[in-house]
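Undergrad:
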Amino acid sequence: MRNVERYPVEGPNALWQMYRTVSRFKAVRNFIFIQMTRYCPSLPLKNWIYRRILGMKVGRHSAFALMVMVDVFFPERISVGDNSIIGYNTTILTHEYLIKEYRLGHVTIGSNVMIGANTTILPGVTIGDGAVVAAGSVVHKDVPAGAFVGGNPVRELSRK
């Protein structure tokens, strides 16, 4: 199971109560900067925005491809090691708003990791150093270091 914190809610579903968990100002500010980074052609500028404005931990020489979507409400829960590549249109989530609860979890991506295009990474997941995630995968559980995983849901395809 993923490493997530669970918070039950009363009343309507958790998404209707999202602004009790995150301020509107933070959500709007993060949305604006995330949209800028999605189209930004400069990798150093993207990483600067992720680190300084959104509070993410991003290692040296890590690269976020065009259209990567990081979590709007809690990007500070995302950590990426050195020399990793996050592929085109990947989504990295650190929250889930459900009917009777919401969940928060850190996402840790190690060093020298390759995430293929159109991948979705769910909250509470750790991807180990040197792992490769195939394009179009849904990462719903931890990925061991050096593993090659893919699919929906993700499964191990091989290990180095």
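If you count the sequence shown from 1, position 92 lands on 1028 in the numbering used here, and the numbers rise without skipping.
Glycine included, every Cβ here is placed at the ideal spot set by N, Cα and C.
1) Kindly indicate which three-state DSSP category residue 979 falls into: helix, strand or coil?
2) Since residue 1006 and residue 1028 should fall inside the 8 angstroms C-beta cutoff, what is the C-beta to C-beta distance between them, to a whole number of angstroms?
3) Buried or exposed: residue 948, going by 16 or more other Cβ atoms within 10 Å of its Cβ?
4) Within its chain, find whatever has a CB closer than 8 angstroms to the CB of residue 1009; leave out the 5 residues flanking it on each side and keep chain order.
5) So the beta strand (DSSP E) residue 1031 belongs to, where does it begin and stop?
6) Of all the beta strand (DSSP E) runs that stay within the bounds of the stretch 947-1019, which reach a length of 3 or more residues?
7) Taking its Cβ as the centre, do 16 or more other Cβ atoms sit within 10 Å of residue 1097, making it buried, or is it exposed?
8) Tell me the DSSP bridge mates of residue 944?
9) Let me know if residue 982 comes out buried or exposed under the rule of 16 or more other beta-carbons within 10 Å of its beta-carbon.
10) Among 1042, 991 and 1026, which one has its Cα closest to the Cα of residue 1074?
11) Is residue 1057 near residue 1043, with beta carbons less than 8 angstroms apart?
12) Rounding to the nearest angstrom, what Cα-Cα distance links residue 1017 and residue 1082 in this structure?
13) Per the DSSP calculation, residue 1044 is bridged to which residue(s)?
TA: Reading it off the structure:
1) Judged by DSSP in its simplified three-state form, residue 979 adopts helix.
2) Cβ atoms of residue 1006 and residue 1028 come within 8 angstroms of each other, at about 5 angstroms.
3) Burial check for residue 948: the Cβ neighbour count within 10 Å stays below 16, so the residue is exposed.
4) So the qualifying residues of the chain are 954, 957, 958, 962, 963, 966, 1030 and 1031.
5) Note, residue 1031: beta strand (DSSP E), 1031-1033.
6) The qualifying runs are 1014-1016.
7) One cannot answer for residue 1097 here, as it falls past the ends of the chain, which runs 937 to 1096.
8) BP columns for residue 944 point to 1037.
9) Counting every other CB atom within 10 Å of its CB across the protein chains shown gives residue 982 a total of 16 or more, marking it as buried.
10) The residue from 1042, 991 and 1026 with its alpha-carbon nearest to that of residue 1074 is 1026.
11) Result yes, Cβ atoms of residue 1057 and residue 1043 sit closer than 8 angstroms.
12) Distance between the alpha carbons of residue 1017 and residue 1082 is about 14 angstroms.
13) In the DSSP output, where bridge partners are listed per residue, residue 1044 has 1015 and 1062.
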